[in-house]
Each structure stands twice: as structure tokens, then as C-alpha cells.
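> Quick one: structure below, then a few questions.
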């Protein structure tokens, strides 16, 4: 097998699928200065794709284009074979249909040079289930973006049972080189990480609407004017770390642990064992690094003000 | 009973409890130009309270003080009776202890003029359970803030079984006049709204850490660099409204409804009946008002860019 190009030496990427996600990826890669080759079997794919790229370009320009970035670097191809010609990386963003993805990944695997990593945008399927028809499944991997991929930094990277460990490492390094915020998971979990958290919140919201406990507008405003103002800079864990005062997460769990038994959501909590308590406390301390609680409080105030201002809420 | 002052004519408010929440309320009311009378039985309460107010004052100054706002308008009182003298409104922020709150609310009810509304910051207890010892429970109500109360706009207002309907209305109008984003609930639900959503997310996160599926840092970053970048302006419902493309929430639910059965969180979803589907779709359409999907997409891009910039992530 010929050597794979280094993650930061990738010059040409292929986007398979030209819907909102595939088009968003194409726009992002173009803005980062890559050559982009795209293919989608739909007859109006080129028109739609160029429309998506054009629509996102003002935002990408405002955020700052990489040197050499241009929409002219987009080549819309007539066939899959043409789209993977000379490529260094493939991102698949076809509709969420397991059989379709199985077949498509096998076709990409068949068509692309053997050293090229093939990543899937799937938000639902484990790669273990999608890579089954591939002749070379070791180079297939999930690289799950968040909508819109041209603005939201997060990419969750996770391999399937047959994915090579080296491919996991390469893919994470590639997305980082491409400017993404990468979370590399060491196992397949349905929904990955962010969607599991989002889905728990969404299901609780649906229950509340169903029971007449809250309206759609109340649910949205309870987040946008409440905890949502903190989550772009301190996630839910660090937010609770601050809720513990100077004692941080340790105080929070030791004193408010019993509230895990309260009926404050329909989701039962895990038992707060010493192991779980310590893992959460140590994780918060590691994440806080050298920031004291006072530092984090000052950071919270500064960032909430910045967000209130940015949103026109100040 | 003498007439209650109009919600927008309140001049003097009383803060009972000088911890982080009570102190945050005092700072907020001072910045809004109110006279604030405070009481806390702790011996070092005045020192702590003035420290809290001083610590929050730069942030409040940056956001803009109301005319006449001054830290000199804070009077720390030696007794509860003194603290409620001549007040137009009482906000109670004592520790979360049901017996303590029951007794304290009864004492405030005993001491305060009969036309004064008494609001509790409780994050956990229904007013029905707290107002039982009050002689005049009709004027007791929950006004649940989010930490820090001097920066986060949200206040959830909900009465207990004995609370007068007119008091619910008055309290919501008062908090609105004081510049808060008010959600008025028509029934008591454990955890109110925002904390139920937050708690569902938090419990799913604890399960993931417990099962070794994600680290504390991964959980936080999956939100801060992912959906958290959208939640300060479009809540979870409107976010999914956009996930449906031009078809909005209707398309989203009709096509992705089956994913409610996916094991993407440990929380089971409610059955997606026609009634629930319609309530969610109509709620999103009402919330979107005259904004088309294209308008919302443009708004999303603009706001995500503003947040990325404000957070230094752009």
C-alpha cells in the first residue's frame, strides 16, 4: 500500500453528496483553501451545490478565507470515479439510509486510491454496520459534523470494528489541520456524544409539550435566555463546577448529589458512586487547568456579557 | 387590603438571604435603580453581600446602569422586620431546605405589609409545599432565577395552589418591568422548565462518564463547539425547525420521527402522536412568526459568527 499523504499535506478533498451537509462541507473545505471535487447522482446536483456554496460564502468570507481559497476550486464531477481522481480524502454525506450508505461506501472504496481515507458524515449509523461491504474497510471512518458544517467547529471522529487505529489518528489530525474542533471517541456509541446530550434535552422537551407542561416558545426561551447563554464557552460540566462555589464540582456533587433522585426530568440518573463522583470532579479540575473558581467566574461574566451583546440582548 | 403598588412603580425591594443567589439579586436590583433592603442571619452577611455586589458591579456597569443606580442604595438590615419596612416586593433566596423555607416565608408573611408580593428563588420546591405555614399564602410565589441572576435574564414564575392568580400576573409584570425575560408557568412542574431540560442533559452526561463513553472534557466541548453555539439565539426547538430544511419542523418530524425510537439517549421519547406532532409544528411556526426558513438560516449564520467572534473562536 502506497503511503498516505500527511494529514496537513492534504490538498484535494472529495465531497460525495451535495445536500445541506455535503454542500456545507464543500463550502468549508473551499474556504480553507482545498481543491474540492464533488459528486451527487441527482440531476440538479451541480446547481444546488453551487447555490449552497454561494449562500455560505459571505459568512465564510467574514470569518476569514485561507490563502488561495476560492469557489473556483470546486469541480463538480459527473461520476464517482471522476470525483475521487487524485483525491487525498473523501467525505461522504449521503442521505441517512443504511443500505444506501453500505453500497455507496463500497463503491467509493472500489473507486478511490487505496491510501485515501473515507469518512462518513452519518449522524446515526456506527461505521461497524456501514463498512461491511467494503473491500478495504480499514480506511473507513465516521467524521460526524454539526450543522452547518461550514460554521460549527465540532467533528466527532470514531472508527468501526474494522477501522485501522492509524486511520482514526490520521483522520483526527486531518480535521484538526483543517481547522475543526475534533473529538476522537474510542468506541462506537449510538448518537456519538453531542447528539446524545441534545437528544436527551429534546426528548424531555417533547414530553413537556406532550404533557402540557410547557409550550414550544417557553422551551426555547428557557434555553436562549437561560443556560444557553453559558454553553458556548463553559459546557454543562464546567457550568456545574461553578455552581459548587469555591468547592467546585466536589462540593456540588457532595451536597447536591441527592437531587439526582429528584423528579426534575424523566431520565433517571446513574448511581453516584465514589468512582463516578471522582471521575467527574477530576475531569472538571483537568478541564479547568490552572483557572481558579474566581478565574472561571470572571470568565463567565465576561463571556455572558459578550454573548448578550452579540445577540443584541444587552 | 390596601392596593398593591403597580408592577412598574416598585421603588424598594427586599432581598432575604445574602448568598450567591440573594447577592446576585441585590446587585441586579441595584443596577436597575431600585432601593434594596437586605437581610441574612449570618454574622458576616453584610461583608459577604457587599463583596458580592462589588464583584458584580463592573459587569453590571458594562451592561449599563439604570438612571440613579448606585451601590449606596443598598441597606443591609439587622432584622427581617427592618428589611421589609416600606418595601414593595420581597425576593427570598435562602438555602434549599424545605422546613427552613416554610418557616422563613411564614415569618416574612408575618412581617411584611399585606399588599407586598413575596417571591422565592427556590430551584426545587413547589410553592404549594412552601406556603403552608403562611397566614396569607395568596401573595407567595416562585420567581426562579438563573445563576448569575445579575446577568442571566431568565426568571420562571409559577404560583402554588394557594397563590392568587392576580399575584402571578403582578409578579410577571414586575420582573418584566425590572428587565427580566419572564416565563409564566400555569402549573407547578418539578424543576420548572429550564432545569428539567438542563437536568436531562446532565444525567445523560453522567451516564456517559459512568459508562466510559465520554470524558468530562469531551462532553463540554461537544456542546461548546457544537449545538451550544446556536442555543443563545435559537433554542432546541427552533434549531430542529431548521434541521427540516424548507419543510421546517413538519418535515423534520414526519421524516425523522422514527429516530425517536433510536437509542441515542437513555431517555425514552413520548409517542409521536398527531396531536404532539401538530403542537410542535404549530409552536415552531408561531415562534418563527414572519421569519421564513431562509430568514432563520441567515439569522443563524449571522448569530453563530457573532458568537464565534465574541468567544474568540473565529
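Chains as they are written, first to last, in this note's numbering: chain Z, 135 to 448; chain Y, 135 to 448.
Using N, Cα and C, we set each Cβ at its ideal position, and we do this for glycine too.
Let me check one thing: in DSSP terms, what residues is residue 218 of chain Y bridge-paired to?
Per DSSP, none; premise fails for residue 218 of chain Y.
> Are the C-beta atoms of residue 302 of chain Y and some chain Z residue less than 9 Å apart?
Not an interface residue.
> Looking at chain Z, is there any beta carbon in it that lies within less than 9 Å of the beta carbon of residue 319 of chain Y?
Yes - at least one Cβ of chain Z is within 9 Å of the one on residue 319 of chain Y.
> In the region 180 to 208 of chain Y, which residues sit with their C-beta less than 9 Å from some C-beta in chain Z, listed in chain order?
Listed by position, the residues of the region 180 to 208 of chain Y near chain Z (Cβ gap below 9 Å) are 189, 190, 192, 193, 196, 197, 198.
> What does a CB cutoff of less than 6 Å around residue 211 of chain Z pick up in its chain, not counting 5 residues either side in sequence?
Around residue 211 of chain Z: 171, 173, 217.
> Hey, how far is the Cα of residue 161 of chain Z from the Cα of residue 373 of chain Z?
Approximately 33 Å, taken between the alpha carbons.
> At 8 Å on the CB atoms, spell out the chain Z contacts of residue 166 of chain Y, in chain order.
Within 8 Å Cβ-Cβ: nothing; residue 166 of chain Y doesn't reach chain Z, min ~14 Å.
> Just to confirm, is the Cβ distance from residue 193 of chain Z to residue 317 of chain Y under 9 Å?
Not a contact, by the Cβ cut-off of 9 Å.
> Report the partner residues of residue 253 of chain Y according to the DSSP bridge assignment.
DSSP, once it has assigned bridges, lists Y/225, Y/275 as partnering residue 253 of chain Y.
> Round the Cβ separation of residue 295 of chain Y and residue 326 of chain Y to the nearest angstrom and send it over; I've been treating them as touching at under 8 Å.
In fact, because the Cβ distance is near 16 Å, the residues do not count as touching under 8 Å.
> State the beta-bridge partners of residue 169 of chain Z as determined by DSSP.
Paired residues: Z/146.
> Using a C-beta to C-beta distance shorter than 8 Å, which residues of chain Y count as neighbours of residue 160 of chain Z?
Those do not exist, as residue 160 of chain Z stays about 16 Å from chain Y at its closest Cβ, beyond 8 Å.
> Mind pulling the chain Z residues with CB within less than 9 Å of residue 343 of chain Y?
The contacting residues are 371, 404, 410, 413, 414, 417.
> So for residue 209 of chain Y, helix, strand or coil by DSSP?
Three-state result, residue 209 of chain Y: strand.
> Within 8 Å, do at least three Cβ pairs link the region 427 to 442 of chain Y to the region 401 to 417 of chain Y?
As far as the Cβ criterion goes, the region 401 to 417 of chain Y does not touch the region 427 to 442 of chain Y, which means the pair count is below three.
> Compare the beta carbon distance of residue 204 of chain Z and residue 224 of chain Z with 9 Å and say whether it is the shorter of the two.
Going by C-beta atoms, residue 204 of chain Z is not nearer than 9 Å to residue 224 of chain Z.
> Are the region 333 to 342 of chain Y and the region 254 to 273 of chain Z touching, with three or more C-beta to C-beta distances below 8 Å?
Verdict: no, contact absent.
> Are the region 348 to 367 of chain Y and the region 272 to 292 of chain Z touching by the rule of at least three beta carbon pairs closer than 8 Å?
Segments in contact, yes.
> Give the interface partners of residue 261 of chain Z over in chain Y, defined as CB-CB distance under 8 Å, in chain order.
Within chain Y, no residue comes near residue 261 of chain Z; the closest Cβ sits about 16 Å away, beyond 8 Å.
> As a quick exercise: from Z/248, Z/142, Z/156, Z/163, pick the residue whose alpha carbon is nearest that of residue 199 of chain Z.
Out of Z/248, Z/142, Z/156, Z/163, Z/163 has the C-alpha closest to the C-alpha of residue 199 of chain Z.
> Closest to residue 206 of chain Y by CA distance: which of Y/168, Y/270, Y/220 is it?
Of the listed residues, the one whose Cα sits closest to residue 206 of chain Y is Y/168.
> Within this structure, are the beta carbons of residue 150 of chain Z and residue 281 of chain Z separated by less than 9 Å?
Not closer than 9 Å, so no.
> Should the region 234 to 246 of chain Z be called in touch with the region 261 to 281 of chain Z, which here means at least 3 C-beta pairs below 8 Å?
Touching, per the Cβ criterion.
> Compare the Cα-Cα distances from residue 310 of chain Y to each of Y/152, Y/166, Y/153, Y/431 and report the closest residue.
Taking only the C-alpha atoms, the option nearest residue 310 of chain Y is Y/166.
> Can you pull the chain Z neighbours of residue 173 of chain Y, defined as C-beta to C-beta under 8 Å?
Simply none; closest approach about 21 Å.
> For residue 293 of chain Z, which option in Z/378, Z/264, Z/313 has the closest C-alpha, if you only look at C-alpha atoms?
The candidate whose alpha carbon is nearest that of residue 293 of chain Z is Z/264.
> Is there a Cβ of chain Z sitting closer than 9 Å to that of residue 157 of chain Y, yes or no?
Taking Cβ atoms only, chain Z never reaches closer than 9 Å to residue 157 of chain Y, which makes this a no.
> Within 10 angstroms of the Cβ of residue 424 of chain Z, are there 16 or more other Cβ atoms? Answer buried if so, exposed if not.
It counts as exposed.
> Go to residue 139 of chain Y, then tell me how far its beta strand (DSSP E) extends in each direction, as first and last residue.
Looking at the DSSP string, residue 139 of chain Y is not in any beta strand (DSSP E), and its letter there is neither H nor E.
> DSSP state of residue 323 of chain Z, grouped into three classes?
In the structure shown, residue 323 of chain Z sits in coil (DSSP, three-state: anything other than H, G, I, E or B).
> If you draw a straight line from the alpha carbon of residue 183 of chain Y to that of residue 153 of chain Y, how long is it in whole angstroms?
The straight-line gap from Cα to Cα measures roughly 7 Å.
> With residue 400 of chain Y and residue 401 of chain Z assumed to form a contact (beta carbons below 8 Å), what rounded beta-carbon distance in angstroms separates them?
The Cβ separation is near 6 Å, so the contact holds.
> Can you check whether the C-beta of residue 367 of chain Z is within less than 9 Å of a C-beta belonging to chain Y?
Yes, residue 367 of chain Z counts as interfacial toward chain Y.
> Quick check on residue 435 of chain Z: buried or exposed, where buried means 16 or more other Cβ atoms within 10 Å of its Cβ?
Classification of residue 435 of chain Z: buried, given that the 10 Å Cβ count is 16 or more.
> Please determine, among Y/355, Y/247, Y/214, the residue with the shortest C-alpha to C-alpha distance to residue 220 of chain Y.
With distances taken between Cα atoms, residue 220 of chain Y lies closest to Y/247.
> Exposed or buried, which one is residue 228 of chain Z when buried takes at least 16 other CB atoms within 10 Å?
It is buried - the Cβ of residue 228 of chain Z has at least 16 other Cβ atoms within 10 Å.
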